[in-house]
Amino acid sequence: NASLSIKKNDLSMIIGPNGSGKTTLINCITGYLKMDSGKVFYKGNDITNYPPHKRIELGLTRTFQIPSPFKRLPVLDNLLASYRFNPGAKLFNAPFRLKWVEKEREAVEKAYEVLELLNLTHVKDQLAENLSGGQLKLLEIGRSLMTDADTIVMDEPVGGVNPTLAHEIFRHIRNLIENYGKTFLIIEHRLEVAVKYVDYVYAMAYGKVIAEGKPEDVLTDSRVVESYLGTPVL
2 NASLSIKKND LSMIIGPNGS GKTTLINCIT GYLKMDSGKV FYKGNDITNY
52 PPHKRIELGL TRTFQIPSPF KRLPVLDNLL ASYRFNPGAK LFNAPFRLKW
102 VEKEREAVEK AYEVLELLNL THVKDQLAEN LSGGQLKLLE IGRSLMTDAD
152 TIVMDEPVGG VNPTLAHEIF RHIRNLIENY GKTFLIIEHR LEVAVKYVDY
202 VYAMAYGKVI AEGKPEDVLT DSRVVESYLG TPVL
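Given below as structure tokens:
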């Protein structure tokens, strides 16, 4: 039983102990889990019954805790495969070759923009299976950007990533928010890293939001300390 209202062009974070309902909540938001009750609204639309691909068409997408790229494809091809306007290999498109070629050109241009934006150009020809954990997380963000997403929901974007690259990932997220108008909702346990970058925090326990607000307020809230942190982070 949780209610969230995510502000546009913000980085919002959900925290809480394992089993508190964080992943279940974002699965409901992004359409990967059917809700028992309640509503999900996005850009003024009731998307409660929309499947994930319909939500993606509206600009709402997500990444998972364990990245799931096409492991045997290079980074560049992973991005191209995620392009939202990819016409696909259809017999119907054959007479419209010029339009098809134009779409391919647009996809390649966008992919190179994303590579540059996320500092992945130097690994564009590497197979995804050879990337580091942090690079895989960045590739997941890149694949989301290829769908033209406005809002990206991420489950532990820096989980298992070394501190230096974890900060780099969050700097990329802040850049996407501040300079490209994106909105992010994340689940994260690496609070010592994340707290420097987030705008708003929701704390969950037992399937409910028990506190919300600015990081400095939520992370010192006695209910959050007792149920999750043990000692204040700030």
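Read in our numbering, the sequence shown has 11 at position 10, and its numbers run on one by one without any break.
No residue lacks a Cβ here, since even glycine has one placed at the ideal position from N, Cα and C.
Nonlocal neighbours in the same chain, by C-beta distance under 6 Å from residue i, ignoring five residues either side
{"i": "residue 166", "result": "135"}
{"i": "residue 21", "result": "205, 206"}
{"i": "residue 222", "result": "212"}
Contact check, residue i vs residue j, beta carbons under 8 Å
{"i": "residue 148", "j": "residue 62", "result": "yes"}
{"i": "residue 204", "j": "residue 217", "result": "no"}
{"i": "residue 60", "j": "residue 200", "result": "no"}
{"i": "residue 12", "j": "residue 191", "result": "no"}
{"i": "residue 189", "j": "residue 159", "result": "yes"}
{"i": "residue 4", "j": "residue 162", "result": "no"}
{"i": "residue 53", "j": "residue 32", "result": "yes"}
Local conformation of residue i per DSSP, three classes
{"i": "residue 214", "result": "strand"}
{"i": "residue 35", "result": "coil"}
{"i": "residue 13", "result": "strand"}
{"i": "residue 82", "result": "helix"}
{"i": "residue 70", "result": "coil"}
{"i": "residue 209", "result": "strand"}
{"i": "residue 113", "result": "helix"}
{"i": "residue 177", "result": "helix"}
{"i": "residue 121", "result": "coil"}
{"i": "residue 49", "result": "coil"}
Per-residue burial, residue i [other beta carbons within 10 Å of its own, 16 or more giving buried]
{"i": "residue 34", "result": "exposed"}
{"i": "residue 229", "result": "buried"}
{"i": "residue 50", "result": "exposed"}
{"i": "residue 47", "result": "exposed"}
{"i": "residue 37", "result": "exposed"}
{"i": "residue 8", "result": "exposed"}
{"i": "residue 67", "result": "exposed"}
{"i": "residue 28", "result": "buried"}
{"i": "residue 171", "result": "buried"}
Beta-carbon contacts of residue i that lie in its chain and below 8 Å, excluding the five residues immediately before and after
{"i": "residue 121", "result": "76, 115, 136, 139, 140, 143"}
Nonlocal neighbours in the same chain, by C-beta distance under 7 Å from residue i, ignoring five residues either side
{"i": "residue 85", "result": "147, 148, 149"}
{"i": "residue 224", "result": "211, 212"}
{"i": "residue 1", "result": "An answer regarding residue 1 cannot be provided, because it is not within the stretch 2 to 235 covered by the chain."}
{"i": "residue 40", "result": "47, 49"}
{"i": "residue 24", "result": "156, 188"}
{"i": "residue 177", "result": "183"}
Proximity test, residue i beta-carbon vs the ligand FAD heavy atom, cut-off 7 Å
{"i": "residue 177", "result": "Among the components modelled here there is no ligand, and therefore nothing to report on the ligand FAD."}
For the 8 Å Cβ check, are there 3 or more pairs between the segment 61 to 78 and the segment 121 to 128? yes
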